[in-house]
Amino acid sequence: MTRFRRLTGLGLLITALACAHSAWAGTTRITWHGHAAFEIETPRGRVLFIDPWLNNPRNPAVDKDTVAVEGVDRADYILLTHAHPDHVGDAVPLAEKTGARLITSFELGTQLGRLLGYPEDQMGYDTLMNIGGSIRVADGEVTVHMTPAVHSSGLRLPDPGPDMPSIVYGGNPAGFVVEIHNGPTIYHTGDTAYFSDMRLIGEHHRPDVALINSGGHFGMEPARAAEAAKAVRATMVVPHHYGTFPVLAPDAREFARHIEALEGVDVRVLEPGDSLTVETRAPEKEM
Ligand code: NI
Ligand code: MN
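Here you go:
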């Protein structure tokens, strides 16, 4: 009941799955590109990518003749939760194509610029941050909060010389809360174990949508991921980080079964390439 009141109080209406790429005023579109990669288009048309490994094997945009980055027209910001290759993914070519600014930890940003060629003029004190901090971007339409994650974050070098380590420091792993003006608040867990302070993320940020890793092995097993969904008290949850590699849970069925036992939580199991939209019915307010 509380959850229902909160939803209507915000004036948000979550609509059915849609695959079209166009957006209209008052609508936030969230697209899953497979694995941990999400694209968020705000009501004002700004585009944020989180962990853009677009060339993952489950993304239908990938075929033998093209790479998925070629299909992206716009990216204003790229958010990286941590340094692992299945999360850094195609951040560098995507940044080169679109001019997207990098939102991540100071350490990972610096390493990516220095070692992997992320354009250094597309990051700075406005976007490099640390856990506990919040930044306002997109002319104030979006506030990004960096949250803790219990994981690791080594940066693998693609071609280390004989005297180089194959993995170098990549900062602390993190998650993100993306708070959109006149839109939903979206929590991306990143890769993390369950931790009881997820409850505080729920209390502090009141996420409407939680994007929760649920494939196990490198992160939360499905039952624990459902516990995380409950802890953050999101109205809607979307599982990710499953089905990509053989060691991960093959699908989200077990996760969904656990979520369905929770009252008032809407679980959306997407196919890679699917979008969901959150419509804002509240009148535009001053930012
Ligand atoms: Ni990882
Ligand atoms: Mn991962």
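Using our numbering, the letters of the sequence shown correspond one by one to residues 72 to 358. Cβ atoms here follow ideal geometry from the backbone N, Cα and C, with glycine treated the same way.
Beta-bridge annotation (DSSP): leucine 347 is paired with Ile101.
For alanine 281, the uninterrupted beta strand (DSSP E) run begins and ends at 280-284, by DSSP. Look at which beta carbons fall closer than 5 Å to any heavy atom of the ligand NI; those residues are His155 and Asp262. Between the ligand MN and aspartate 157, a heavy atom-to-CB distance of less than 7 Å is present.
Histidine 312 has its CB nearer than 7 Å to a heavy atom of the ligand MN. Judged by DSSP secondary structure, phenylalanine 326 falls within the alpha helix (DSSP H) whose first and last residues are 324-331. For the options Asp210, Ala264, Glu350 and Gly241, the alpha carbon positioned closest to that of leucine 151 is the one of Gly241. When secondary structure is reduced to three states using DSSP, aspartate 134 falls in the strand class. The shortest C-alpha to C-alpha distance from leucine 333 to any of Val213, Ser346 and Ala305 is the one to Ala305.
With fewer than 16 other Cβ atoms inside 10 Å of its own Cβ, methionine 235 counts as exposed. Apart from the 5 residues on each side of it in sequence, leucine 199 sits with its Cβ closer than 6 Å to the Cβ of Phe177 and Gly180 in its chain, given in chain order.
By DSSP's assignment, alanine 245 forms a beta bridge with Pro219. Under the Cβ criterion (8 Å, minimum of three pairs), the stretch 272-289 counts as touching the stretch 303-318. The beta carbon of phenylalanine 289 sits closer than 7 Å to at least one heavy atom of the ligand MN. Valine 249 is classed as buried because its beta carbon has at least 16 other beta carbons within 10 Å across all chains shown. Inter-residue distance for arginine 185 and histidine 216 is about 25 Å (C-alpha atoms, whole angstroms).
Judged by DSSP secondary structure, isoleucine 149 falls within the beta strand (DSSP E) whose first and last residues are 148-150. Rounded to whole angstroms, the separation of the alpha carbons of valine 221 and glycine 261 is 9 Å. Shown here for glutamine 182: same chain residues with a beta carbon closer than 8 Å to its own, the five before and five after excluded, namely Ala154, Leu226, Val239, Tyr240, Gly241 and Gly242 in chain order. Annotation: the continuous beta strand (DSSP E) that includes isoleucine 111 extends over 109-112. In this structure, the straight-line span from the alpha carbon of aspartate 197 to that of asparagine 130 is close to 31 Å.
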